[in-house]
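Residue numbers (this note's numbering): 25 to 118. Glycine is no exception: its CB is placed at the ideal position from the N, C-alpha and C atoms. A quick note: this is a predicted structure, and the numbers were derived from the prediction, not measured. Each remark here refers to the structure printed beneath this line.
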């Protein structure tokens with residue numbers, strides 16, 4: 025997998041320690057990180073995290089929109105707010 029090769033190259037050239045990898049995918053993702061439906065990719069019931077985990081990376085896969093919401097909640101304008109609404113307009117409305 026080309027991406028894992030790039031990550032390994034980065035690790036070998038720096039002292040940076042990669043503990044976990046988070047991947048956002050513009051697809052319907054189950055709570056276990058399985059890509060259920062294919063709109064942008066030809067993957068159905070595909071466990072992308074397993075591909076990375078077998079290369080030694082602890083990986084969490086979720087939808088790109090849920091990842092954006094988490095980033096906004098913890099690092100963006102939502103970090104001091106208990107409840108907020110996040111609307112994503114891309115290839116669809118989320």
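**Message:** I need the DSSP call for residue 76, collapsed to helix, strand or coil.
**Reply:** Here the question's residue 76 lines up with position 52 in the chain shown. Here residue 76 sits in helix by DSSP.
**Asked** Where DSSP assigns a beta bridge to residue 45, which residues make up the other side?
**Response** Working through the chain shown from its first residue, we reach residue 45 at position 21. Bridge partners of residue 45: 83.
**Prompt:** With which residues is residue 111 paired in a DSSP beta bridge?
**Reply:** Position 87 of the chain shown, counted from the start, is the residue given in the question as residue 111. For residue 111, which the question treats as bridged, DSSP gives no partner whatsoever.
**Request:** Report, in whole angstroms, the separation of the C-beta atoms of residue 106 and residue 48, which I expect to be a contact under 8 Å.
**Result:** Along the chain shown, one-based indexing puts residue 106 at 82. Along the chain shown, one-based indexing puts residue 48 at 24. That belief does not hold up - the Cβ atoms of residue 106 and residue 48 are roughly 24 Å apart, past 8 Å.
**Request:** For residue 70, write down the residues that DSSP places opposite it in a beta bridge.
**Result:** As a working note, residue 70 is residue 46 in the chain shown. DSSP output for residue 70 lists 59 as bridge partner(s).
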